Structures are given as structure tokens and as C-alpha cells.
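Heads up, the thing below is written out as C-alpha cells.
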Amino acid sequence: MPKKPLLEFTDRGIYCDKGKFYIDPWKPVDDAVITHAHADHAYFGHKHYLAHHLSKQILLYRLGEINLQTVGYGEKILKNGVEISLFPAGHVIGSAQIRIEYQGEVWVVSGDYKVEDDGISTPFEPVKCHHFISECTFGMPVYQWKPQLQIFNEVNSFWRSNLDNGLSTVLVGYSLGKAQRILQNLDLTNGKVYTHGAIENTMQALRNNGVQLHPTERITFNTPKDDIKKGIVLAPPSAVGSAWMRRFGPYNWGYCSGWMAIRGAKRRRAADRGFILSDHADWDGLISAIDATGCECVYLTHGYTATFSRYLAEIGFNAREVHTLYGGEEEDAVTKDDVAGGEELKVSSSGGDLEGAGEVKEGDTI
Amino acid sequence: MKAFAQLFLSLDETNKTNEKVKVLKDYFISVPDTDKMHMLALFTGRKPKRQINATLMRNWAIEASNIPAWLFEESYHVVGDLAETMSLLMPQNTGSSNKSLTEWVAEINTLGDKTE
Chain D
38 MPKKPLLEFT DRGIYCDKGK FYIDPWKPVD DAVITHAHAD HAYFGHKHYL AHHLSKQILL
98 YRLGEINLQT VGYGEKILKN GVEISLFPAG HVIGSAQIRI EYQGEVWVVS GDYKVEDDGI
158 STPFEPVKCH HFISECTFGM PVYQWKPQLQ IFNEVNSFWR SNLDNGLSTV LVGYSLGKAQ
218 RILQNLDLTN GKVYTHGAIE NTMQALRNNG VQLHPTERIT FNTPKDDIKK GIVLAPPSAV
278 GSAWMRRFGP YNWGYCSGWM AIRGAKRRRA ADRGFILSDH ADWDGLISAI DATGCECVYL
338 THGYTATFSR YLAEIGFNAR EVHTLYGGEE EDAVTKDDVA GGEELKVSSS GGDLEGAGEV
398 KEGDTI
Chain E
111 MKAFAQLFLS LDETNKTNEK VKVLKDYFIS VPDTDKMHML ALFTGRKPKR QINATLMRNW
171 AIEASNIPAW LFEESYHVVG DLAETMSLLM PQNTGSSNKS LTEWVAEINT LGDKTE
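Chains as they are written, first to last, in our numbering: chain D, 38 to 403; chain E, 111 to 226.
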């Protein structure tokens, strides 16, 4: 009888039967190892969570009171004789690849990753393994990123030109990852950075975790519109087209996402500017990362899995497609997650603190 | 041609009609009359006759981008526009040219007589 694989793909998530734990499960389980705090990887309802130290505050903020154990990169944890260790994935602050070893056999689950050093997330580190489970969100050759310095030069001159023309500037990006990356690369001699409640809460959670971030100011009812016009607004995708955002008009807004590489994607969102900035690996990044693992077999979990695995097979990899519920945090899950952030704000707003997405209705009258 | 490329980029970088009008005005003020004429013809759908058929162009693009034909087709499917697909897949051009739009149109119009 053939040996049972160390990791298997189940309807709850990636499962290690020997160690009795799951990786990024999407249904409630007893023991979950979490690659990073995005909503499509860190679900609510598990009895025990294991994640990186830098994911701690953000997981507690998003999931509430959970039973959470955190570790550093490279630290070894044993579960029923199976060794688990986390390695940097470079996706967002605190994101990790999960390395699993049992009797000399090594599997690595990438979670989401990018190979470019963004200056705030611990840079991606290739990990040698026999079996590599990889994402491929942007696994099409039309997705080729430019160095982030070049993109941020475009972003900063966009901001500068709006200031010169008396327009407000709104930059839209996911609240965990993109928002911090943008913040740390803005030219703050231009002005101050104002934030949507969902983004400010995320920034705060990271600061509570000891992450040093540039100063930001949460937008409240009392924030003067003229001040905002002299600065820049960071907003999550769910704020696009909302009354909250309209009150900053006249404004120019830019969408920061890998999907902006294609003109039609920008047009569908009616963005003034699309900045091609992604926290996922591009086509060449994916291939180089997979190659660097030296793996015997690569499993593609989410993204253009069919196309990408076919291409990998043609150039000599043993590649397989796997169906999971990951992916989409740059699209639909964004809204869900940021709305969740907004609901928290609503709760606090009953205490007289009217901020963030919870104030959308009131924002209409401003 | 640089002015024309910038015009297209600037038009694409705003969703506001007034801004687009301003961009067009700036273009018309800055380029020679023959360029204005060609720009108007291109933007109103009166393109010069196609000198090289799409199949040839596609084959050359596949060759230049060094990927299998099926992957080119899948990419086209994702992008939705053949010219954009080709520009995304082919290697970055390292050279540059100062020819005007008028000169480019004249040159393209002679291509039909040439051999591959």
C-alpha cells in the first residue's frame, strides 16, 4: 500500500494527519496553523491558533478572543512528532510559509507570498523541500511587476500634481499589507496621511505589535476638509463610491493593485489612476520561487492554477492543481473584511466616537 | 509619436471629461497640423488600411515573447485586447525614436509592399 502523504487536501483545508493539525483551514478545527491574517486564510472558530509573533495583534483585532500561540521565524514546534517551523513569505507583515517535516520528508505551504522586498515585511526566503504548496494568484505571463520604487515615484507625483491642482488625493488599497506599504513609501514632505477607520485600526494593531509606522491621522467628523485636501487619504476598496469618500471631492483617486496591470480592470473600477502594486509574486517571481525550493512536486492552490500548472509541467516541473477556498482577498473578501472592520467601528460609535465606515450615513450630510 | 503616446496615456489617466478636454487641447496646441489630422483620423475610427494581417502580427508576438502559442491565447483571453496582450508579453523596448506621428503613419503605409 502506498504511503499516505504527509499533507492532504480536505474539505476543511490542508491537513496533516500525522500531526493532527490544519493549515489555513476554512471550517472550524481543533488545531490551526495560520500563514497570515488575511480573511481568506485566518478564519474564525478554531480551538487553537499558531501564527507568527507579528500577526498576533492583527489576529486578535480581527478574530477577537482566540486561543493564540505565536512563534518567530525559524523556531521549531512539535505537534505529535511532526516538526513545524515558519519562514518569511514577504506577503504582508507577519506572513509566513509553513515548513512541515516528518522523518526527513519536508513540505512547505507558501500561503501568499511575493519575492520583492517591500521594505516592511520580512523578505521572502526560499525553503528547500520535497513538496511545495504554492499560490499562483498572478500566474499569467501578462503580470510582470516593476520595482516598487518606480511605482511609488508615480504615486508621489500623482499626489504632488493633485496638490498643485487643488484636488484631494485618495489612494485605495487593502488595509493589511498594501496600506502599510503605501504609507511607508509616501513622500511625507508633500503633506499628512489621513486614514479610513478600517485602515487606522489595522495600523494601530500593528503598532501595538511593535511595528514602527509613519504617523497617520484617523478621519473623523471633525477633520477639516481643507486639511484633508492638503494631505492624502488611504482608503480600503470597500470605501470606493461611498458617501464617506465622496465628501473629499473634488478628488482624484488611485487604485493600488496587481490587477491594475490590465487596462480593462482599471476601467471596470472607474479609477482615475491604476498603480500596479501587488503583494503577490508576479509570473517570473512565482517560477523563480518554485524553482528555488528544489521540490519534487508543486501543488497550485489558488489563482490561474490550470494555466500555470500546465505551463510548469511543460517546462519540466511535476505540477498539480488543487482546489481550495483561498484567494480573492484583493477582490471580494476585501469588502467582507473591511465591512467587518466598519461594524466594529459602529459598535464604538454608539459611545459617541463616530469614525470610519460606520459613519457612512452621517457622511451624506457633510 | 511621443506626444501622441503621452496623449493616450493622459487620456487614460483620468475619468473626468473636463480633464480629457484639457489634455486634447494641450495636444492640439503643441503638435504640427499633419499630426493633428492623423490623430483625428485614428481617434474617429478612420484608421489607414491594415498593411500586415493580424495572424502574422500574432505569430511574431508569440515568437518575440518566447511563450507557447496556447499561453499567448490564454493571456489574450485574460486581457481582452490583442494589442494590449502583445505589449504586455513582449520584452521591453530598449531603443527610442523621435519620429512624428505623421512619419510613422507614412512608414506603416509602405510596409504592405515588403516581404517578411
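The beta-carbon is built from N, C-alpha and C at its ideal position, and this holds for glycine as well. Remember, predicted model here, so these are calculated numbers, not experimental data.
CB contact check: residue i to chain E, cutoff 8 angstroms
| i | result |
| --- | --- |
| D/Tyr150 | no |
| D/Ile299 | yes |
| D/Arg310 | yes |
| D/Ala318 | no |
| D/Met177 | yes |
| D/Lys348 | The sequence given here has Tyr at residue 348 of chain D, not Lys. So, interface residue. |
| D/Thr344 | yes |
| D/Ala307 | yes |
C-beta contact flag for residue i and residue j at 8 angstroms
| i | j | result |
| --- | --- | --- |
| D/His85 | D/Gly109 | no |
| E/Pro201 | E/Ala171 | no |
| D/Ile121 | D/Ile135 | yes |
| D/Gly148 | D/Asp61 | yes |
| D/Leu44 | D/Ile137 | yes |
| D/Leu337 | D/Ala350 | no |
| D/Phe169 | D/Ile327 | yes |
| D/Leu205 | D/Pro287 | Leu is not the amino acid found at residue 205 of chain D; the sequence shown has Ser there. Yes. Within cutoff. |
| D/Met297 | E/Ser185 | no |
| D/Gly75 | D/Ala133 | The sequence as given places His at residue 75 of chain D; Gly does not occur at that position. No, the Cβ-Cβ distance between D/His75 and D/Ala133 is not below 8 angstroms. |
| D/Asn330 | D/Pro163 | According to the sequence as given, residue 330 of chain D is Thr; it is not Asn. Going by C-beta atoms, D/Thr330 is nearer than 8 angstroms to D/Pro163. |
Spatial distance of residue i from residue j (CA atoms)
| i | j | result |
| --- | --- | --- |
| D/Val270 | D/Thr232 | 6 angstroms |
| D/Cys166 | D/Gly364 | 23 angstroms |
| D/Glu112 | D/Leu323 | 25 angstroms |
| E/His187 | D/Phe258 | 46 angstroms |
| D/Gln249 | D/Ser171 | 30 angstroms |
| D/Thr107 | D/Asn289 | 41 angstroms |
| D/Ile236 | D/Val209 | 10 angstroms |
| D/Glu380 | D/Asp319 | The predicted position of D/Glu380 is uncertain, since its pLDDT is 34 and thus under 50; a value taken from the coordinates is nonetheless stated next. Taking the straight line from one Cα to the other gives about 34 angstroms. |
| D/Gly395 | D/Ser279 | Confidence in D/Gly395 is poor, its pLDDT being 32 and thus under 50, which makes the residue's placement too unreliable to answer from. |
| D/Lys40 | D/Gly56 | 15 angstroms |
| D/Glu333 | E/Lys132 | 58 angstroms |
| D/Glu367 | D/Gly131 | Because D/Glu367 sits at a pLDDT of 45, beneath the cut-off of 50, its placement in the model cannot be relied upon, and the point is left open. |
| D/Thr159 | D/Thr342 | 26 angstroms |
| D/Ser325 | E/Leu181 | 18 angstroms |
| D/Arg300 | E/Asn125 | 13 angstroms |
| E/Thr212 | E/Thr225 | 23 angstroms |
| D/Thr260 | D/Ser92 | 31 angstroms |
| E/Val115 | D/Val145 | Per the sequence presented here, residue 115 of chain E reads as Ala, with Val not at that position. Distance between the alpha carbons of E/Ala115 and D/Val145 is about 46 angstroms. |
| E/Val215 | E/Asp145 | 10 angstroms |
| D/Ala276 | D/Phe312 | 17 angstroms |
| D/Gly118 | D/Tyr139 | 7 angstroms |
Chain D contact for residue i (CB, 8 angstroms cutoff)
| i | result |
| --- | --- |
| E/Ser120 | no |
| E/Val131 | no |
| E/Glu173 | no |
| E/Asn203 | no |
| E/Val141 | no |
| E/Glu194 | yes |
| E/Leu181 | yes |
| E/Lys224 | no |
Partners in chain E for residue i, counting only beta-carbon separations shorter than 8 angstroms
| i | result |
| --- | --- |
| D/Val351 | First, the amino acid is wrong: residue 351 of chain D is Glu here, not Val. Result: Pro178. |
Partners in chain D for residue i, counting only beta-carbon separations shorter than 9 angstroms
| i | result |
| --- | --- |
| E/Leu198 | Pro178, Val179, Tyr180, Gln181, Ala298, Ile299 |
| E/Gly190 | Ile299, Arg300, Gly301 |
Residue span of the alpha helix (DSSP H) that contains residue i, given as start and end
| i | result |
| --- | --- |
| D/Ala133 | Here D/Ala133 belongs to no alpha helix (DSSP H); instead the beta strand (DSSP E) covers 133-139. |
| D/Ser275 | No alpha helix (DSSP H) contains D/Ser275, which DSSP labels as neither H nor E. |
| E/Val215 | 211-220 |
| E/Asn169 | 164-175 |
Where residue i meets chain D, residues with beta-carbon distance less than 7 angstroms
| i | result |
| --- | --- |
| E/Ser185 | Met177, Pro178, Val179 |
| E/Thr124 | Asp309 |
Chain-ordered chain D contacts of residue i [CB-CB under 8 angstroms]
| i | result |
| --- | --- |
| E/Gly155 | Near E/Gly155 there are no residues of chain D at all, since even the closest Cβ is about 19 angstroms away, more than 8 angstroms. |
Residue i - containing beta strand (DSSP E), residue span
| i | result |
| --- | --- |
| D/Val70 | 68-70 |
| D/Ser147 | Where D/Ser147 is concerned, there is no enclosing beta strand (DSSP E), given that its DSSP letter is neither H nor E. |
| D/Leu44 | 44-46 |
| D/Phe81 | Run containing D/Phe81: none; DSSP gives neither H nor E here. |
| E/His187 | Element bounds for E/His187: not the beta strand (DSSP E) but the alpha helix (DSSP H), 179-189. |
| D/Thr206 | 205-209 |
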